[in-house]
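J.: Count along the sequence shown from 1, add 26, and you get the number used in my numbering. I have a structure I would like to understand better, so I am pasting it below and will then ask my questions one at a time.
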Amino acid sequence: MRIAAPLTLLASLLAFSVGAVGCGGGDGGAAIDADGSSTVGPFVTKAAEDFKAQGGVDVTVGISGTGGGFERFCAGETDISNASRTIDADEAAICQANGIEYVELRVATDALTNVVNIENDWATCLTVEQLNAIWKPGSKVSNWNQVDSSFPDVALKLYGAGTDSGTFDYFTGVINGEEGASRSDYSATEDDNVTVQGVSGDKGGLGYFGFSYFEDNQNKLKALEVDGGQGCVAPSGATAQDGSYTPLSRPLFMYVKKSSLDTNQDLVDFVRYTLENEQTIAEEARFVALSQAQIDEELRKLEGGTS
27 MRIAAPLTLL ASLLAFSVGA VGCGGGDGGA AIDADGSSTV GPFVTKAAED FKAQGGVDVT
87 VGISGTGGGF ERFCAGETDI SNASRTIDAD EAAICQANGI EYVELRVATD ALTNVVNIEN
147 DWATCLTVEQ LNAIWKPGSK VSNWNQVDSS FPDVALKLYG AGTDSGTFDY FTGVINGEEG
207 ASRSDYSATE DDNVTVQGVS GDKGGLGYFG FSYFEDNQNK LKALEVDGGQ GCVAPSGATA
267 QDGSYTPLSR PLFMYVKKSS LDTNQDLVDF VRYTLENEQT IAEEARFVAL SQAQIDEELR
327 KLEGGTS
């Protein structure tokens, strides 16, 4: 699969605002408010930019993390919650208690990627067992030669997702066997650009985030292959799509508030535009596109969620 030109996510911004054009956003505020996953953020930002170029309305895209996004969404503050995991039982209960009904839409596929400094010339592949030894709660692994005796005596510095991140939940679930189970002595952030900066500036650095952030920074980071039991496999669009990059390939979502769909035609138009153009948006924003059959299924779910 061809990967297109990079989409840069500014680390200094907590939200992206795409200016209103056409018939929407006449009051100067955002017509559509989205927040959530920093992994899904570049995809939805690209969709918003393209929608704007077609005469769409203003869309604001925040990156407070999947958990932070669901907190705002279930409080009724946003129209869309971007998520790198499915909504959990506690979050769903809060939404229900607040009368927030939603439509869950899969919008892309991701290959969660382990990255090291570009000067790291010893590690090319880690097993799930090695990743678990590094990241499990209480782990004392602090040097690369503790990961593999053939690795050099280089201090291991860890960077990764913060606890509000869906990436954190997914990674800990598949690597450590329980969502949220992780050592705590690492540099944690909801902004993946901070992890990019940390690992790229530390020869012994190791971090993880969504595939698009590696693709956008491959001149200064190296992606590691992962052995999930069937041999070493590199993260890529093709391996995420065919399922061979296991267990770190995952679906990505947009949760859309039904009451907003019922009252805001611009929101309906934006979400429909995103799905109908998903393959182009995914390629340009460095995500793994859905199949046409998958897109058609999500469009049916959208139509079923509108009155």
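Cβ atoms here follow ideal geometry from the backbone N, Cα and C, with glycine treated the same way.
1. Thinking just about the alpha-carbon of each residue, which of Gly263, Phe194, Glu241 and Ser270 is nearest to the one in Gly255?
2. In the stretch 204-281, which residue ranges form an unbroken beta strand (DSSP E) of at least 3 residues, counting only runs that do not cross its ends?
3. What does the alpha-carbon distance come out to for the pair Pro163 and Asn124?
4. Which stretch, first to last residue, makes up the beta strand (DSSP E) that contains Val141?
5. Compare the C-alpha of Gly93 against each of Gln305, Asp147, Asn143 and Ile120 and name the closest.
6. Can you round the beta-carbon distance between Thr337 and Phe235 to whole angstroms, since I take them to be within the 8 Å contact cut?
7. State the start and end residues of the unbroken beta strand (DSSP E) segment that holds Asn108.
8. Let me make sure I understand the geometry here. Which of Val252, Glu241, Leu247 and Met280 has the alpha-carbon closest to that of Gly231?
9. Between which two residues does the alpha helix (DSSP H) harbouring Gly88 extend?
10. Under the assumption that Thr65 contacts Asp114 (Cβ atoms under 8 Å), give the Cβ distance between them as a whole number of angstroms.
11. Whose C-alpha, out of Gln172, Val180 and Glu304, is nearest the C-alpha of Arg318?
12. Measuring only the C-alpha atoms, how far is Pro273 from Ile201?
13. Measuring only the C-alpha atoms, how far is Thr221 from Ala214?
14. One question on the structure: do Tyr299 and Gly88 come within less than 8 Å of each other, judged by their Cβ atoms?
15. Touching or not, the stretch 101-109 and the stretch 71-79, by the rule of three or more beta carbon pairs under 8 Å?
16. Which whole-angstrom value is the C-beta distance of Ser168 and Leu182, which I expect to be below 8 Å?
17. To which residues does DSSP link Val200 through a beta bridge?
18. Would Val129 and Lys284 be called neighbours here (beta carbons separated by less than 8 Å)?
19. Under the DSSP definition of a beta bridge, which residues are partnered with Ala60?
20. Can you look up Asn290 in the DSSP assignment and give me helix, strand or coil?
21. Inspect the beta-carbon positions of Asp278 and Ser110 and report whether they are closer than 8 Å.
22. Sort Asp228, Asp295 and Thr71 by Cα distance to Asn146 and report the nearest one.
23. Taking all protein chains shown into account, do 16 or more other C-beta atoms lie within 10 angstroms of the C-beta of Ala308, making it buried, or fewer, making it exposed?
24. Helix, strand or coil for Asp136? Go by DSSP, reduced to three states.
25. To which residues of the same chain is Gly188 closer than 8 Å at the C-beta, ignoring the five residues directly before and after it?
26. Helix or strand or just coil, what does DSSP make of Ala187?
T.: Looking at the coordinates:
1. That would be Ser270, whose Cα lies nearest to the Cα of Gly255.
2. Within the stretch 204-281, the complete beta strand (DSSP E) segments at least 3 residues long are 213-215, 231-235, 247-249 and 251-253, listed from N- to C-terminus.
3. Pro163 and Asn124 have their alpha carbons spaced roughly 34 Å apart.
4. Note, Val141: beta strand (DSSP E), Thr139 to Asn143.
5. Distance from the Cα of Gly93 is smallest, within the candidate group Gln305, Asp147, Asn143 and Ile120, for Ile120.
6. Residue numbering for the chain in the displayed model covers 27 to 333; residue 337 lies beyond these limits and cannot be assessed.
7. Residues Ile106 to Ala109.
8. It is Leu247.
9. Where Gly88 is concerned, there is no enclosing alpha helix (DSSP H), although the beta strand (DSSP E) it sits in stretches over Val85 to Gly88.
10. Actually they do not touch by this definition, with Cβ atoms about 17 Å apart.
11. At residue 318 the sequence reads Gln, which differs from the Arg that was named. Checked all of Gln172, Val180 and Glu304; the closest Cα to Gln318 is Glu304.
12. Answer to the nearest angstrom: the Cα atoms are 8 Å apart.
13. The alpha-carbon atoms of Thr221 and Ala214 are separated by roughly 8 Å.
14. Not a contact, by the Cβ cut-off of 8 Å.
15. In the pairwise beta carbon analysis, the stretch 101-109 is classified as not touching the stretch 71-79: fewer than three pairs are separated by under 8 Å.
16. With 8 Å as the limit, Ser168 and Leu182 qualify as a contact, their Cβ atoms being about 6 Å apart.
17. According to DSSP, which records beta bridges pairwise, Val200 is partnered with nothing at all.
18. The answer is yes: Cβ separation under 8 Å.
19. For Ala60, which the question treats as bridged, DSSP gives the partners Val87 and Ile106.
20. DSSP places Asn290 in coil when its eight states are reduced to three.
21. The amino acid occupying residue 278 in the given sequence is Leu; Asp does not appear at that position. At a Cβ-Cβ threshold of 8 Å, Leu278 and Ser110 count as neighbours.
22. Just measuring C-alpha positions, the residue of Asp228, Asp295 and Thr71 sitting nearest Asn146 is Asp228.
23. Answer is buried; the Cβ neighbour count reaches 16.
24. Of the three classes helix, strand and coil, the one that applies to Asp136 here is strand, per DSSP.
25. Excluding positions up to five away in sequence, the list reads Gly91, Phe194, Ala214, Thr215 and Glu216.
26. In this structure, DSSP gives Ala187 an extended state, which the three-state scheme calls strand.
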